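What follows is a short report on a single structure.
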Amino acid sequence: MTQSPLSFSRLSRDDKPIAIAALFIIVILIAGTVYTLSRFGSAPLLSPGYLIQQLQIGSFLGIVAAGMMLVILISQIDLSVPWTLAAGAMMATAVGGPWALPVALLVGILVGLVNGFGVAVLRIPSMIFTLGVNAVMRGLMVAQTGGFAPQTKATELMRFLAAERTFGIPHAIFVWIAISIAIAILLKKTAFGRAIYAIGNKEAAAYLSGVPTKRVLFIAFILCSTLSSFAGLLLAGYSTKAYQGMGDAYVLPAIAAVVIGGTNILGGRGRYLGTVVGVILIVLLNSVLSIMEMPEAGRQIIYGSVIIAMLLVYGRGDKVTS
Amino acid sequence: MEHKNSSGFSIWFRQNTGFAVIVALFSVVYFLYHMAHPKGFSSQVLIQNSNEVFALATLAMAQTVPVLMGGLDLSVGAVMTLVDCLASHVLEGTGWSLFWGILLCLAAGTLAGLFNGIIVVYGRIQPIIATLATGAIYMGLALFLRPIPGGKINEDVNWAMTNALADFAETVGIFDDGKAAWFQPIAGIPSALVLLILVALIIWVPFRRSVTGRTVYAIGSSEGAAFMSGLNIQRGKLAAFTLAGLFAGIGGIFMAIQTSSGNADIPMAGGYTLSSIASVVIGGTSLLGGTGGAIGSIFGTLILKVISFNFRVFDIAPLLQPLFEGLVLLAAVSLGALSILRVKNQLELFR
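Note that the protein sequences, when read in sequence, are chains A and B.
In terms of my numbering, the first sequence opens at residue 1 and continues consecutively.
In terms of my numbering, the second sequence opens at residue 1001 and continues consecutively.
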């Protein structure tokens, strides 16, 4: 029996995906660098400035993915993310001034309350209920902006949080790190975190064990929506304005990042570190493909193939035999 | 005792209350639409509506099959777009060239579905995430075929399929060019509507009655129990995704014929996929699997579409239309959930 150099077999079931995904990030970096060296004679991918910029772009996806992970862990899904994100950004820029941040968070909390009500109280599958909420949010925003691109600008605070830098490091990365630490502690060290995993594994069992399942579902959806609207506020700060459809490019990559990071799409299993690694993988893959001037067609094909390949390596389910 | 005396219809009604309610609701709303429409109750309006409904209706049927087995297919919009782009290349000719072109398009859709099935069955990846990934691949292939919108479709086919049966008969040259006396009562029926009914009758109904079809329902109810009953689970799953691909392919062909071009638009494909899920749910199929059917999904599509038809005739501000559509979707799924209020044992909620 030959032992693989990194000996994946010794890793636990939840760590293996993270290790493989991290390894794949290195493969992407090497492949991209080999390409740029042979084509342009330089290695921009390995320069700290470039990597930091990628992390800054990744931090918006990272914050959305953090919320999405909480919802996926309780074996639900939140498809209302795109227009919650856009609504957060639009309302924040529309209100402006010191109230921008509280308003964005309030939008997230309200959407989360509605989602939580539909899923926890009415017991409607989250896939369809959040889809409806997304449509309603879109309708509200279209009615609010009159169907045109909003004319409002990002506030100072939003610029400060998303675009400005300290010691050359964008504040958005600090925000992402702070949120990541909070979520990691929440999942690992608190009763709420345990309850999330318990519900994801078997909701009925969690309920019978005295877990307040309804409350946990509500909080998970509120956190997810609030993180989405907060990411929208940051994104508006980064691009100096809010625009229609700014969230559309975030929901599927966020789900993909969570799953690539080893979180079971059916809930109940997965580590937060994996989601961070998944986000970095997706952002880097996108940027390497754009450096290679890959046409959109090739990008889509590679993007899909990578997800399937990663899941074939470690995301396979069990055979149902009883 | 009561059961013994009830007629066949009342049994059917009890088992299909949701479906009956949807059909009745659609009929009423559609009747109001025709009443309000300046050209109401004319073949012209019916043709326009049928053409608008067809693509989403086939896509809703496509989505129904994986949903019935407790899965989901997030690639149906992409498969439709892929076939749409392929069709814009191969449906230019006439006669046999046209025939082989259509066959090629159907095969492409079916193969895409089969590929989904293979990944789900042999790769053992969750359908939702597997089809999310294959959907990206199909979109890539579609973009490869049509980097920018364009292409051409045989004009006769476009004319015959997007108009009334009379125009179809005239183009094909049957029934005295559509002027036969016996043909007149049905001459005004839209070709697209007839095609939709034929697709449902020729593909869906036999499938539902076959062992494989019932296996799909059984997997949705309880995969473990289906396995223990000796049903061929793998074949059921493969068939479900393959059939979804075939339906989506039919939708793609029609879309190409209708627009006379191919267009690989990623947001549009995503929108169609999400609308197909909404149609399935409104049509009475449970997202948990096991109950429902493709005919219900067609009516789900009709309800979604008839709402936007009504916006046009009732002069609702265009800016409010997306909001109304969203509210109707939410209301529709929430009404279905009201039975939750009758549940006494909390544990029954966790299915």
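The C-beta atom is built at its ideal place from N, Cα and C for all residues, glycine as well.
Because the structure is a prediction, the values reported are computed rather than measured.
- By the rule that beta-carbons nearer than 8 Å mark a contact, B/T1081 does not touch chain A.
- Shown here, A/P170 sits in a strand according to DSSP, grouped into three states.
- A Cβ-Cβ distance of about 5 Å is found for the pair A/S229 and A/T84, placing them in contact under the 8 Å criterion.
- B/V1172 sits exposed, since fewer than 16 C-beta atoms from the chains shown fall within 10 Å of its C-beta.
- The beta-carbon distance between B/L1319 and A/G146, rounded to whole angstroms, is 6 Å. This is short enough to meet the 8 Å contact definition.
- Residue pairing of B/R1146 in beta bridges, as defined by DSSP: absent, with no partner found.
- Using a CB distance cut-off of 8 Å, B/V1281 counts as an interface residue toward chain A.
- Contact between B/I1047 and B/P1185 does not hold, since their C-beta atoms are separated by about 16 Å, which reaches or exceeds 8 Å.
- For A/I18, the enclosing alpha helix (DSSP H) stretches over residues 15-39.
- Within the same chain, Cβ atoms closer than 7 Å to the Cβ of A/T36 are found at S42, A43, P44, L45, I291, the five residues on either side in sequence being excluded.
- DSSP lists no beta-bridge partner residue for A/R215.
- The beta carbon of A/Y238 sits no closer than 8 Å to any beta carbon of chain B.
- A/V81 and A/A92 do not touch by the CB rule: their CB atoms are close to 16 Å apart, not below 8 Å.
- DSSP lists no beta-bridge partner residue for B/G1101.
- Identification of residues in the stretch 1118-1139 of chain B having a C-beta nearer than 9 Å to some C-beta of chain A yields I1119, G1123, R1124, I1125, Q1126, I1128, I1129, A1130, L1132, A1133, T1134, G1135, A1136, I1137, Y1138, M1139, given in sequence order.
- Under the Cβ criterion of 8 Å, B/L1347 is counted among the residues facing chain A.
- Rounded to the nearest whole angstrom, the CA to CA distance from A/K202 to B/T1162 is 50 Å.
- Residues are counted here when their Cβ sits less than 9 Å from a Cβ of chain B; for the stretch 256-267 of chain A these are A256, V259, N264, I265, L266, given in chain order.
- In this structure A/Y250 is buried. Its beta-carbon is surrounded by 16 or more other beta-carbon atoms within 10 angstroms.
- Residue pairing of B/A1164 in beta bridges, as defined by DSSP: B/P1190.
- The beta carbon of A/G62 sits closer than 6 Å to those of W176, V279, all from its chain and outside the five residues before and after it, given in chain order.
- Just so you know, the alpha carbons of B/L1246 and B/C1085 end up roughly 15 Å apart.
- If you ignore the 5 residues before and after B/I1253, its C-beta comes within less than 7 Å of the C-beta of V1083, A1087, I1102, C1105, all in its own chain and listed in chain order.
- In this model, B/F1054 and A/Y314 are separated by some 40 Å (Cα to Cα).
- Rounded to the nearest whole angstrom, the C-alpha separation of B/G1095 and B/K1152 is 16 Å.
- Every unbroken stretch of the alpha helix (DSSP H) spanning 4 or more residues and falling wholly within the stretch 245-296 of chain A is given here in chain order: 251-260, 272-291.
- Going by C-alpha positions, A/I307 is about 33 Å away from B/G1230.
- If you draw a straight line from the Cα of B/T1285 to the Cα of B/G1293, it is about 6 Å long.
- B/R1312 sits in a helix when the DSSP states are folded into three classes.
- Interface with chain B (8 Å Cβ-Cβ cutoff): A/V313 is excluded.
- Within 10 angstroms of the beta-carbon of B/T1301 lie 16 or more other beta-carbons, which makes it buried.
- Distances from the CA of A/V136 to each of B/V1328, B/A1187, B/I1316, B/G1262 were compared; the closest alpha carbon is that of B/V1328.
- Within chain A, the C-beta atoms nearer than 8 Å to that of B/A1278 come from I128, L131, G132, in chain order.
- By the CB criterion at 8 Å, B/P1267 and A/D248 fall inside the cutoff.
- For A/V119, no CB of chain B lies under 8 Å from its own CB, so it is not counted at the interface with that chain.
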